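2 protein chains.
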Amino acid sequence: MNLILLLPQDFINPTEVNLTGRRLQHVRSVHRAQVGDTLRVGALNGLLGQGVVTQVNDEHLTMAVTLSTPPPAKLALTLVLALPRPKVLNRVLAAATALGVAHITLLNSFRVEKGYWTNPRLGADNLLLQRLLGLEQAQDTGMPSVDLQRRFKPFVEDELGTRSAGTLRLVAHPEGAGPCPRAVTTPVTLVVGPEGGFIPFEVELLQKVGFAPVSLGPRILRVETAVATLVGRLF
Amino acid sequence: MNLILLLPQDFINPTEVNLTGRRLQHVRSVHRAQVGDTLRVGALNGLLGQGVVTQVNDEHLTMAVTLSTPPPAKLALTLVLALPRPKVLNRVLAAATALGVAHITLLNSFRVEKGYWTNPRLGADNLLLQRLLGLEQAQDTGMPSVDLQRRFKPFVEDELGTRSAGTLRLVAHPEGAGPCPRAVTTPVTLVVGPEGGFIPFEVELLQKVGFAPVSLGPRILRVETAVATLVGRLF
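Chains as they are written, first to last, in the working numbering: chain E, 886 to 1120; chain C, 886 to 1120.
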C-alpha cells in the first residue's frame, strides 16, 4: 500500500477523514502509524496529497488531509481480456490498474471455462477490491472501469467496433501476426485471448471489425506477463 | 505446461524418454494423454520437437521423441534483482524465465528483509523448479542461470562492473531518472530494486560502476509487473 486511497464515505468534512477496516488494519500493522505521522493519501478519482494522523485506535483512524497534486495520467488504453482463471483474474486486474489501463472489458471466449463466470471473484466487491489494490500500489487515484461481456459474438459484432472507433485496434495473437507496434501516440484497444489462445473463428471476427493481430514473438506468456510486456512496448 | 521439458535423466536412449513425478501427473491429469497421442516436448538446453506416447500408467510414461527445432532465442539481458519476498520470488523467476532473460542475479539490498535469505524457496530445488515452470510456459528449453549475492557493496564494487562490461547498464529507479530507452540493440544489464526502492547510497554505488537510472514514470509497479514492462520496452 504505497498510497492510502480515500473513498467518498471516509470524509467527515472536506479536510478530515475516518478510516476503518482493511486500510485501518494495514496502516496500523504495516505503517505502524502514530498520532502526528504523515501518510501519503489520495481521493478516489481525485487529487493526491498528505494526511496527518490525528487519532488512532483499534476501531478507527482519523487524519487531517491536504490534497493538492494530480494523479499520474491514465494510459489511453482499453484492455479487452478473455476472462482469466479466477486465481489469475485478481493479479491481472490489479496489475492492469497499476499500469494505468483506463478501461477493462472481461470477455467470454471459446476457451474460457464456463465455471469462471460463476466464480465469486467476479462479484462487484472483489472487482473493486482488486482495482483498489492496483491503485494503492501505483499511487494512482483514477479507478478504471470494468464491464463483463458473456457473449463473444454479439459483443464483438455489435459493440466492440463502435466502442473502439478512433483507436488503434490490436489483438495479441502469437500465430501469423505482425510484430506489435511500439511507442504509439494514438489511443489503443488491445484484445488479449485466453490460455490456449483465441480459436480461428474468434480471430477472424475480430479482424472483421478492424483488429490487427500482433505478436510478441514465439514465447507463450501468462496473461499478466503478456499485458505488462505489451504496455511496455506500446506506450 | 505448454511444453514437456525433458531432462537428461529422462532419456532411456536418444529417441526414447521415461517421465515420472510432476510431469507425469500433469500429462495424465491435464493433457489426459493416451498411447498414440503426440505431445510438444523439448530437451533441456536443446531442441524442441514432438513425443508420441508409447506407454502410460500410474508410475511412468514413455514417449518416442523427435527433436528438430531450435528454441526461441534468449534475450540479451542479465537481470539483477533485489531479492523479492519469497511469495513474489517464485512468480518473478518463472516470469523472467518465460520472457527469455538469460541470466538472473538475486542481490541483497538495504530494504531486503534478512529473513528472505533463509527462506526455503531460495533452495536450489525451488530455484530450478520455478525456472522449469517458466520454460514450460514459454515453450523454451534454454535454462537461465541464477546466482545469489548476499553482499551488495562488494558485489557491485568488485564484480558487477566487470560482469556488465560491454552491456548497456541500467538501474530502474523511479526518482530523478531519465526515461527507459526503447528497442535497444545491445546487450543489457538491468538492475531492479526492492519494494520501497534502493537507498541513495546504493543508487550512487551503481552509478559509480556505470549504471544509468531510468524510470517508467510515476507509477510504482510490483517487481514482476515492472520486469515485464521493462522487457517489453527494451526489446
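All residues carry an ideal CB built from backbone N, CA and C; glycine is no exception.
It should be emphasised that the depicted structure is a prediction, and the values quoted were computed from it without experimental measurement.
| Check | Outcome |
| --- | --- |
| Interface residues of chain C facing Gly985 of chain E [CB-CB closer than 7 Å] | Arg1104 |
| Listed by chain order, chain C residues near Gly1000 of chain E by CB distance under 8 Å | Within chain C, no residue comes near Gly1000 of chain E; the closest Cβ sits about 16 Å away, beyond 8 Å. |
| Cβ shell of Val1056 of chain E (< 6 Å), same chain only, five flanking positions each side left out | Val1076, Leu1091, Phe1096 and Pro1098 |
| Outcome for Leu1033 of chain E when other beta-carbon atoms lying within 10 angstroms are tallied against a minimum of 16 | exposed |
| Where Ala1009 of chain E falls, given that 16 or more other Cβ within 10 Å makes a residue buried | exposed |
| Beta-carbon proximity of Thr982 of chain C to Ala1113 of chain E, cut-off 7 Å | no |
| Contact list for the stretch 999-1030 of chain E against chain C, Cβ threshold 8 Å | Gln1022, Ala1023, Gln1024 and Asp1025 |
| Interface flag, Val1077 of chain C vs chain E, CB-CB below 7 Å | no |
| Chain E within 7 Å of Val912 of chain C, Cβ atoms only | no |
| Cβ of Arg1048 of chain E within 7 Å of any chain C Cβ | no |
| Under 9 Å by beta carbon: chain C residues contacting Asn942 of chain E | Near Asn942 of chain E there are no residues of chain C at all, since even the closest Cβ is about 27 Å away, more than 9 Å. |
| Residues that Arg1048 of chain E bridges to, as DSSP identifies them | Beta-bridge pairing links Arg1048 of chain E to no other residue. |
| Contact residues within the stretch 1067-1098 of chain C, judged by C-beta distance below 7 Å to chain E | Arg1067 and Ala1068 |
| Among C:Glu1060, C:Leu1053, C:Gly1078 and C:Pro1059, nearest to Pro1066 of chain C - alpha-carbon criterion | C:Leu1053 |
| Limits of the unbroken beta strand (DSSP E) element including Pro1098 of chain C | Ala1097 to Ser1100 |
| Own chain, CB closer than 6 Å to Gly1046 of chain C, minus 5 neighbours either side, in chain order | Val1094 |
| Those runs of the alpha helix (DSSP H) which lie wholly inside the stretch 1014-1042 of chain E and span at least 4 residues | none |
| Residues that Arg908 of chain E contacts on chain C, provided the C-beta gap is smaller than 8 Å | Under the 8 Å cutoff, chain C gives no residues; its nearest Cβ is about 17 Å from Arg908 of chain E. |
| Other residues of its chain near Lys1058 of chain E: CB distance less than 8 Å, five sequence neighbours each side excluded | Inspection of the sequence shows that residue 1058 of chain E is occupied by His rather than by Lys. Cβ within range, chain order: Gly1078, Gly1082, Phe1083, Val1088, Pro1098, Val1099 and Ser1100. |
| From C:Asn942, C:Leu992 and C:Gln919, residue whose alpha carbon lies closest to that of Glu1044 of chain C | C:Leu992 |
| Local Cβ density within 10 Å of Arg1036 of chain E, reported as buried at 16 or more and exposed below that | exposed |
| Interface flag, Arg1036 of chain E vs chain C, CB-CB below 7 Å | no |
| Test: Val1116 of chain E CB closer than 7 Å to a CB of chain C | yes |
| 9 Å Cβ cut-off: residues of chain E touching Arg917 of chain C | Simply none; closest approach about 15 Å. |
| Straight-line Cα distance separating Asp895 of chain E from Gln1024 of chain C | 49 Å |
| Pairwise C-alpha distance: Val1073 of chain C and Gln1015 of chain E | 33 Å |
| For Gly1051 of chain E, the nearest candidate out of E:Thr1070, E:Val1031, E:Leu892 and E:Gly921 (CA to CA) | E:Thr1070 |
| 7 Å Cβ cutoff, Ala980 of chain E in contact with chain C | yes |
| Where the beta strand (DSSP E) containing Asn903 of chain E begins and where it ends | Glu901 to Leu904 |
| C-alpha gap between Asn1004 of chain E and Arg1107 of chain E, whole angstroms | 20 Å |
| Cβ pair Pro1029 of chain E, Ala987 of chain E closer than 7 Å | yes |
| Residue burial classification, Gly1000 of chain C (beta-carbon count within 10 angstroms, cutoff 16) | exposed |
| Chain E within 7 Å of Pro957 of chain C, Cβ atoms only | yes |
| Cβ contact (3+ pairs, closer than 8 Å) linking the stretch 948-963 of chain E and the stretch 915-935 of chain E | yes |
| Residue-level contact to chain E via CB, Asp975 of chain C, 7 Å cutoff | Per the sequence shown, residue 975 of chain C should be read as Asn rather than Asp. Output row for Asn975 of chain C: interface = no. |
| Residues that Asn887 of chain E contacts on chain C, provided the C-beta gap is smaller than 7 Å | Ile1105 |
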